[in-house]
Amino acid sequence: MPLLEPEPNALRPAATSPAHDRVPDKRAPGTPEPLRGDLIALLGAEKVLHTISDLVAYASDASPYRFVPQVVVLAEDIDDISAVFSYAHGKGRNVVFRAAGTSLNGQAQGEDILVDVRRHWAGVEVLDGGARARIRPGTTVWRANATLARHGRLLGPDPASALACTLGGVVANNASGMTAGTTRNSYRTLASLTLVLPSGTIVDTADPAADAELARAEPALCAGLLALKAEIEAEPELVARIRAKYRIKNTNGYRLDAFLDGATPAQILRGLIVGSQGTLGFIAETVFDTLPLERYTSSALLFFPTLRDAAAAVPRFNEAGARAVELMDGNTLRASVSVPGVPADWAELPKETAALLVEFRAADESAQRAYEQAAAQALAGRPLVAPVASVSNAFTRDAATINGFWKARKAFVTAVGGSRPAGTTLITEDFAVPPAQLADACAALLELQARHGFDAAVAGHAAHGNLHFLLAFDAAEPADVARYAAFMDEFCRLTVERFDGSLKAEHATGRNIAPFLELEWGPRATELMWRIKTLVDPHGILAPRVLLDRDPQAHLRGLKTIPEVEAVADPCIECGFCEPTCPSGDLTTTPRQRIVLRREMTRQPTGSPVERELLAAYGYDAVDTCAGDATCALACPVGIDTGALMKDLRRRRHSPREEWAAAQAARRFKAVERAARLAVAAADRIGDRLTASVTGAARRAVRPDLVPQWLPHLPGPAARTLPATQKADAVAVYYPACVNRIFGEPAGYRGPSLPEAVVAVSRRAGRPVWIPADVTGTCCATIWHSKGYERGNALMANRIVEAAWGWTAGGRLPLIVDASSCTLGIGHEVVPYLTADNRALHAELTVVDSVVWAAQELLPHLRILRTVGSAVLHPTCSMRHLGNEGRLREVAEACAREVVVPDDAGCCAFAGDRGMLHPELTESATAREAAEVTARDFDAYLSANRMCEVGMDHATDGRGYRSVLLELERATRPEAGRG
């Protein structure tokens, strides 16, 4: 055992409250035998997740339900899917698919075999110049659209969760979103798909021979589908009812119109699979017909005195050609102030206020002007109000303002849900009514919510009569569950009997509407749906109880409690928006899973077998392999920084001896810095293999999370001395980060060091900088902050601020920092750890990233003398937090004729030295970006942080990533040179 192995119990939650839905003790060993052994023998150990920590992590999704699977399978290809289907047939087991886990009704939860179809199922292939796209099911909508945007195209479905939800789930639920309506959704824009039926038969509906092959493989299925088609078409009243149900948005039950729209079994299957929620087969691949990307946008957020006034204005905007008309009531608007960028004075809006977000999109400016004129006419005579100062009620073309509108609208679930009372479960419902009845439906819904004691809030896609609302209640209290049940009974009757609406407009049936399917569709259509299920999945192996359930109380089964955890994480509603940006998601756990596991620990009695197993795994799976980059906070609509929680848990594990040593390192950092540089120099001389052997032995003896592993492609040492500068004529103070004082440039690079380049290019632009003589021994404090060392962090944070205040003459000169993470550290992250006096000093500082300095202060005064043909960029996480990504591209575009940011660019997870403590973390985090980068050659590989450059070098087998400022210096150097 390593010398400083941490004590798992240090991670135990401060308070536990045994809950009725806690995982029982008998589940502590994880997947039982023979299931575990069978699947490992069938698929391989690396594809089977079986510990109780794995199972709990996958038990929760964005829905109000929680079901712990027996096992999780990481399927890599269709062969794996077919093998699991065959096993389930033979053993009488059930299978549920899970991709992003953003479904709101429990469709991605199973109690037996859960198959992860996200991790190995991403990919986009553009077809026909962008007119179509072949997309794998684990690809997010955002990622697919990023690729299509280069061709001036996009997908029709545009759910609010586009950043996280995957195309497999979008098709399986027929999710639509803000603008899709009934004409741009998956049912209407899916050209074809490749499907694995429960029998294992593979159907590519685009194949001209699809029906012939299907008839050979599945004659009974083909005959049954055609018989159902004939039966439906023989009943004119049923045909009329089916057509009427899909004139408004409807995802409740199977798409019966597939039998009216499809002429052959393969065509019928293509339609049936859309919205089938994983109950009829596995969607292995999709081909979408794409739509034009209309880049000319005009939007307005229009405020009305009441919901009825807002709803009455919707038809006018529809007639004017609006692409989107989104409704938000007063409670929704007020809750949105928790979203960064939303005006704070929205908190003061009257409760009766409502708003419409109206957007027009056009192919050119002429069409845009015509839409704006039509919008003005639609507004004439409307009763607009401006209750707070930030309200303008004006159309704008400003992209930043429009993005702010949409950010507030798309955060409905998490912003309103995030402000719910602590410990309550959140239910997200959506329904649709004929648009002409929107105002009456809003009024009836709000009255119903108030009568049952729920906070009244509503938002939705008003153009399509599609409304969303939230219910928060305590699933641990039987009376509260009964209140929810009574509401649902009355709500479903209201929607069907008064408005003839859809109980699910775009979220799909799921577990909480399955018991009400017959209420909406009637016995005849519901019977047809049961027959469809039996025909396609005769053994019932796929997703039982997800879409069809005869239990009238099924929606009350498996409701999850939400125990209180650490304050930073407590607002989490487990929506999963954070997961695509998390660098450890394909290695260990995601931010959502880290919180889910904390909650299960809190549900457990202290010392229970399940708690012991969870604590034992949590150290590595959650704490050690968190990069701490806080990109999860950027993706989370309520800004939860799970990385901050992990840093705090690292702090809790520290022994007094470790804290003392860390503080001593901060106190004597000048000596530490010199020793580190000498160590790098020594390693550079003796070679990678021996150095890796030495560090490996030290890691085994001490602890892997404390001793870095030497890696190939680590650069040699920095120059012993920094370039000479003059204070007298300097217009800024230049602070070379400690990492650039320790590490040099990549192997094979010939040219000035980064400090030399910054000094030279600044002088060249007539903006000379000064490097203080006493920078050695100072640091931005991130070294200690990222590891949770409180004393060392506070010591260095105060030291750097005091020094910077003196260097900059009390803040009169800007402080230029040449590593983006250090800019973020000095500019923002040190503040909570400063003394009151030093906070005052910090407030007087102007901390500027060197890339921003170059873009704003240097480029206008420089002559570009030479450029490279192509450059690929790695924007850093810190740049995302600082909002500087555009500046990186600006500088790069001055130096290269082609600049590429990979679609899969994300956090490299090197995180200072974490990529050396856990190399597997960086390797996993960078795999997709590295695949894009290495698929072609570039003339330059550029970034803005030395350790991120090292991480990307490691990921791309030594491509030679370096600072964009080195390339700027080369591009503007008066004489030809190498670099």
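What the sequence shown shows, in the working numbering, is residues -8 to 970, in sequence order. Cβ coordinates follow ideal geometry from the N, Cα and C atoms, glycine included. What you are looking at is a predicted structure, and each value in this text was computed from that prediction instead of being measured.
Do residue j and residue i come within 7 Å of each other at the CB atom, strictly closer than that value?
i	j	result
Leu850	Ala657	no
Thr344	Phe294	yes
Cys771	Ile807	no
Ile193	Leu158	no
Tyr56	Arg502	yes
Pro706	Gly735	yes
Ile43	Glu604	yes
Ser54	Leu95	yes
Ser869	Ser811	yes
Leu40	Val63	yes
Ile418	Leu458	no
Leu618	Thr572	What sits at residue 618 in the sequence shown is Ala, not Leu. Not closer than 7 Å, so no.
Ser934	His833	no
Cys569	Arg548	no
Ile774	Thr716	no
Pro9	Leu606	no
Gly269	Ala163	yes
Val601	Ala50	no
Ala654	Gly783	yes
Leu508	Thr517	yes
Ala667	Ile733	yes
Arg314	Glu350	yes
Gln359	Tyr245	no
Ile259	Ala275	no
Ala1	Arg644	yes
To which residues of the same chain is residue i closer than 6 Å at the C-beta, ignoring the five residues directly before and after it?
i	result
His852	Ala756 and Gly757
Gly143	Leu284
Ala1024	Since the first and last residues shown for the chain are -8 and 970, residue 1024 lies out of range.
Ala304	Arg373
Thr581	Glu570 and Cys573
Arg964	none
Could you name the residues that DSSP lists as bridge partners for residue i?
i	result
Ser290	Glu350 and Thr387
Ala124	Val117 and Phe279
Trp761	Val724
Pro708	Phe734
Phe88	Val106
Val840	The sequence shown places Asp at residue 840, not Val. According to DSSP, which records beta bridges pairwise, Asp840 is partnered with Val808.
Ala423	Asn457 and Ser493
Excluding the five sequence neighbours on either side, which residues of its own chain have a C-beta within less than 7 Å of the C-beta of residue i, listed in chain order?
i	result
Arg878	Val842, Val843 and Ala846
Pro4	Val556, Arg589, Met592 and Thr593
Phe396	Ser290, Leu292 and Leu348
Arg109	Ala90, Ala91, Gly129 and Thr157
Phe386	Ser289, Ser290, Ala291, Glu363 and Ala366
Leu485	Ala435 and Leu439
Leu825	Ala788, Asn789, Val792 and His833
Ala335	Val328
Say the cut is 6 Å; is the CB of residue i nearer than that to a heavy atom of the ligand MN?
i	result
Ala608	No copy of the ligand MN occurs in the structure displayed, which carries no ligand at all.
If I measure Cβ to Cβ from residue i and keep anything under 8 Å in the same chain, skipping five residues before and after, which residues do I get?
i	result
Pro743	Ala751, Leu957, Glu960 and Gly970
Gly951	Pro737, Ala738, Gly739, Tyr740, Tyr932 and Asp944
Inside the segment 614 to 648 only - alpha helix (DSSP H) runs reaching at least 4 residues: 622 to 626 and 633 to 644
3 or more residues per run - each beta strand (DSSP E) lying fully within the segment 185 to 232: 193 to 195
The segment 916 to 930 / the segment 793 to 804 touching (three or more Cβ pairs under 8 Å): no
contact_flag[the segment 240 to 260, the segment 125 to 141] where n(CB pairs < 8 Å) is 3 or more: No contact exists between the segment 240 to 260 and the segment 125 to 141.
Length-filtered (3 minimum) beta strand (DSSP E) runs lying within the segment 321 to 371: Segments of the beta strand (DSSP E) lying fully in the segment 321 to 371: 345 to 353.
Any beta strand (DSSP E) of 3 or more consecutive residues that is wholly inside the segment 858 to 895: 859 to 864 and 887 to 891
Cβ contact (3+ pairs, closer than 8 Å) linking the segment 69 to 84 and the segment 28 to 44: yes
Runs of alpha helix (DSSP H) lying entirely within the segment 235 to 297, each at least 4 residues, in chain order: 249 to 252 and 256 to 264
At least three beta-carbon pairs within less than 8 Å, the segment 21 to 30 to the segment 607 to 617: The segment 21 to 30, when compared against the segment 607 to 617, does not touch it at the 8 Å Cβ threshold.
Beta strand (DSSP E) runs contained entirely in the segment 439 to 478, provided each spans 3 or more residues: As far as the segment 439 to 478 is concerned, its whole beta strand (DSSP E) runs of at least 3 residues are 449 to 452 and 457 to 464.
Given 8 Å, three or more beta-carbon pairs between the segment 313 to 326 and the segment 403 to 414: yes
contact_flag[the segment 714 to 725, the segment 941 to 954] where n(CB pairs < 8 Å) is 3 or more: no
Three CB pairs or more closer than 8 Å across the segment 373 to 385 and the segment 428 to 438: no
Touching by the beta-carbon criterion (3+ pairs, under 8 Å), the segment 185 to 205 and the segment 157 to 173: No, the segment 185 to 205 does not touch the segment 157 to 173.
Meets three-Cβ-pair contact criterion under 8 Å: the segment 422 to 430 and the segment 486 to 498: yes
At least three beta-carbon pairs within less than 8 Å, the segment 362 to 375 to the segment 409 to 418: Verdict: no, contact absent.
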